[in-house]
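> Residue numbers (my numbering): -10 to 384. All C-beta atoms in this analysis are idealised placements derived from N, C-alpha and C, irrespective of residue type, glycine included. One structure coming up, written as structure tokens, with questions to follow.
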């Protein structure tokens, strides 16, 4: 096993032999193109003229005044084309696949945002696209399913297991094993076997790179805290990584505590999981004493995953980042709070990060600065939230 496939003890390539050649091919292609000036310029062109980057770093005055304490900035990834940070990675990987001569794209999705982003990138670049999605998530995110179909993508409903993201990922991997010669699997988070955690992190690092420049322009210094939600962890890693050597900055990843980490109904792999292998990499995962994967639960389909990217596990054990857990109830309150105070309806995933900031900001001084990554917009979640609240906003 090659040393660069690990983050400390985490990561690796725990996959069938049939996948090793294609992973080596992908690693070689990424190493060739990541610093290639033509590839970088083509990706920059699409990110600027098609996606709408750079996204704003917005000072949330209403939220800051309501909570008291630290100044709160929102990195507006929700303003990207397709409504979330996912398009950064989907576009990068699909462009890379075309450079590799592969025009068939496979993806999995939970909340649908990665599926829509990949379907969009495939349509833009003239690729055939198939997206796997758990039947439970198909019900929760029917609008995103229709969007993918409008974009010309085949959506395959997965009915095995808990019918959520883990099972969709299993089916996507099985399909990929059978079609590796002419297809590329666009993994949507910093998970999976090497080189995916590194590759996805690099495509998402534009979030942190822009944030660093923007906060220096606005405040003349770097922030005190970076806060982002963590399911697989791509939006958090995209924000964190460019700051990883700025040791004075505290980085906080916020997982889904669901009904509570002591209830067994949660998706908090770093907070309440243990070390194990899931989808080709060693990381913190939710498993029983026999190593069987425990179903995850979250009100947010995008956080409903029983594992996390291996680099987050390394950050946890090395102490570089801290990880907190927020319940469904707290996330729903934060969802309404931001909508009412700032006129911004956040994705339920992002609402977990906002719920933690709701606790953190009042404990800090007005001179301190928090940056929250608003990873996606909440249009997709409005129907779910309306049903949970009985059609009535509580705050």
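So for residue 331, helix, strand or coil by DSSP?
To locate residue 331, count along the chain shown from 1; it is residue 342. Residue 331: helix per DSSP, three-state reduction.
> Select from 15, 146, 313 the residue whose C-alpha is nearest the C-alpha of residue 440.
Because the chain here runs from -10 to 384, residue 440 falls outside it and cannot be looked at.
> Quick check on this structure: which residue in 273, 251, 247 has the alpha carbon closest to the alpha carbon of residue 258?
Locating residue 258 in the chain shown gives position 269, counting from the first residue. Among 273, 251, 247, the Cα nearest to that of residue 258 is on 273.
> Less than 8 Å separating the beta-carbons of residue 342 and residue 218?
Counted from its first residue, the chain shown places residue 342 at position 353. Counted from its first residue, the chain shown places residue 218 at position 229. Yes. Within cutoff.
> Reducing DSSP to helix, strand and coil, say where residue 173 ends up.
Here residue 173 refers to the residue found at position 184 of the chain shown. Three-state DSSP puts residue 173 in a strand.
> Based on the DSSP output, what are the partners of residue 143 in its beta bridges?
Stepping through the chain shown from its first residue, residue 143 is reached at position 154. Residue 143 pairs with 119.
> With a 10 Å radius around its C-beta and 16 neighbouring C-beta atoms as the bar for buried, classify residue 119 as buried or exposed.
As a working note, residue 119 is residue 130 in the chain shown. Residue 119 should be labelled buried.
> Alpha carbon to alpha carbon, what distance is there between residue 154 and residue 315?
Numbered from its first residue, the chain shown carries residue 315 at position 326. Numbered from its first residue, the chain shown carries residue 154 at position 165. One C-alpha to the other measures close to 20 Å.
> Quick check: the Cα distance between residue -5 and residue 100, rounded to an integer number of angstroms?
Along the chain shown, read from residue 1 onward, the residue named residue -5 stands at position 6. Along the chain shown, read from residue 1 onward, the residue named residue 100 stands at position 111. Looking at the two C-alpha atoms, the distance is approximately 28 Å.
> Whose CA, out of 307, 29, 338, 301, lies closest to the CA of residue 319?
Translated into positions along the chain shown, residue 319 becomes position 330. Of the listed residues, the one whose Cα sits closest to residue 319 is 338.
> Unbroken alpha helix (DSSP H) runs of length 4 or more, entirely within the segment 209 to 258: which are they?
Here the runs fully enclosed are 223 to 229.
> Residue 362 lies in the beta strand (DSSP E); which residues open and close that run?
Taking the first residue of the chain shown as position 1, residue 362 is located at position 373. 358 to 363 is the extent of the beta strand (DSSP E) around residue 362.
> In three-state terms, what does DSSP make of residue -10?
On the chain shown, residue -10 is found 1 positions in, with the first residue counted as 1. In this prediction, residue -10 has a pLDDT of 46, which is less than 50 and means its spatial position is unreliable; nothing more can be read from the coordinates.
> Is the segment 225 to 235 touching the segment 183 to 198 in the sense that three or more CB pairs, one from each, lie closer than 8 Å?
Yes, they touch.
> On the DSSP bridge assignment, give the partners of residue 263 in chain order.
Counting from one through the chain shown, the residue named residue 263 turns up at place 274. Paired residue(s): 274.
> Name the two residues that bound the continuous beta strand (DSSP E) containing residue 47.
On the chain shown, position 58 is the one that residue 47 refers to. First-last of the beta strand (DSSP E) with residue 47: 46 to 48.
> Residue 10: buried (16+ other C-beta within 10 angstroms of its C-beta) or exposed?
Locating residue 10 in the chain shown gives position 21, counting from the first residue. Exposed.
> Can you confirm whether the segment 351 to 359 touches the segment 54 to 62 when touching is taken to mean that 3 or more C-beta pairs between the two stretches lie within less than 8 Å?
Output reads yes: the segment 351 to 359 touches the segment 54 to 62.
> Taking the continuous beta strand (DSSP E) assigned at residue 64, which residues delimit it?
Numbered from 1 along the chain shown, position 75 holds the residue referred to as residue 64. Start and end: 60 to 65.
> Which stretch, first to last residue, makes up the beta strand (DSSP E) that contains residue 97?
Residue numbering aside, residue 97 sits at position 108 when the chain shown is read from its first letter. First-last of the beta strand (DSSP E) with residue 97: 93 to 98.
> Using DSSP with H/G/I as helix, E/B as strand and the rest coil, what is residue 3?
For the purposes of this step, residue 3 is taken as the residue at position 14 of the chain shown. Of the three classes helix, strand and coil, the one that applies to residue 3 here is coil, per DSSP.
> Compute the Euclidean distance between the alpha carbons of residue 211 and residue 34, then round it to the nearest angstrom.
For the purposes of this step, residue 211 is taken as the residue at position 222 of the chain shown. For the purposes of this step, residue 34 is taken as the residue at position 45 of the chain shown. Using only the alpha carbons, I get a separation of about 28 Å.
> So residue 187 is in the alpha helix (DSSP H); what residue range does that whole segment cover?
On the chain shown, residue 187 is found 198 positions in, with the first residue counted as 1. That run of the alpha helix (DSSP H) goes 185 to 193.
> Ends of the beta strand (DSSP E) at residue 336?
Position 347 of the chain shown, counted from the first residue, corresponds to residue 336. Unbroken run through residue 336: none, as it is neither H nor E.
> Roughly how many whole angstroms lie between the Cα atoms of residue 25 and residue 86?
For the purposes of this step, residue 25 is taken as the residue at position 36 of the chain shown. For the purposes of this step, residue 86 is taken as the residue at position 97 of the chain shown. Cα to Cα, residue 25 sits roughly 15 Å from residue 86.
> Under the three-state reduction of DSSP, which class applies to residue 104: helix, strand or coil?
The count along the chain shown starts at 1 and reaches residue 104 at position 115. DSSP places residue 104 in helix when its eight states are reduced to three.
> May I ask you to report which of helix, strand or coil DSSP gives residue 202?
Reading the chain shown from its first residue, position 213 is the one you call residue 202. Reduced to three states, the DSSP call for residue 202 is helix.
> So what's residue 367 in DSSP terms, helix, strand or just coil?
Here residue 367 is taken as the residue at index 378 of the chain shown, counted from 1. Coil.
> Run the proximity test for residue 96: is its beta-carbon closer than 7 Å to any non-hydrogen atom belonging to the ligand ATP?
Absent from the structure shown: the ligand ATP. Ligands present: none.
> In this structure, does DSSP put residue -2 in helix, strand or coil?
Here residue -2 is taken as the residue at index 9 of the chain shown, counted from 1. It is coil, neither helix nor strand.
> Using 8 Å as the threshold, is the C-beta distance between residue 266 and residue -1 below it?
Within the chain shown, residue 266 is the residue found at index 277, counting from 1. Within the chain shown, residue -1 is the residue found at index 10, counting from 1. Not in contact: residue 266 and residue -1 (Cβ atoms no closer than 8 Å).
> Who are the Cβ neighbours of residue 333 in its own chain at under 6 Å, not counting the five residues just before and after it?
Position 344 of the chain shown, counted from the first residue, corresponds to residue 333. Excluding sequence neighbours, residue 333 sits near 327.
> Residue range of the beta strand (DSSP E) that residue 312 falls in?
Your numbering for residue 312 matches position 323 in the chain shown. That run of the beta strand (DSSP E) goes 310 to 316.
> Answer with buried or exposed for residue -10, where buried requires no fewer than 16 other C-beta atoms within 10 angstroms of its C-beta.
As a first step, residue -10 must be located in the chain shown, where it is residue number 1. Its pLDDT being 46, under 50, residue -10 is placed unreliably in this model, and the value from its coordinates should be taken loosely. Exposed, because fewer than 16 other Cβ atoms sit within 10 Å of the Cβ of residue -10.
> Which residues does DSSP pair with residue 73 in a beta bridge?
In the chain shown, the residue the question calls residue 73 occupies position 84. Beta-bridge pairing links residue 73 to 365.
> Near residue 19, what residues of its chain come up, given a Cβ to Cβ distance below 7 Å and the 5 sequence neighbours on each side ignored?
Taking the chain shown and counting its residues from 1, the one referred to as residue 19 is at position 30. So the list reads 85, 184, 188, once near-sequence residues are dropped.
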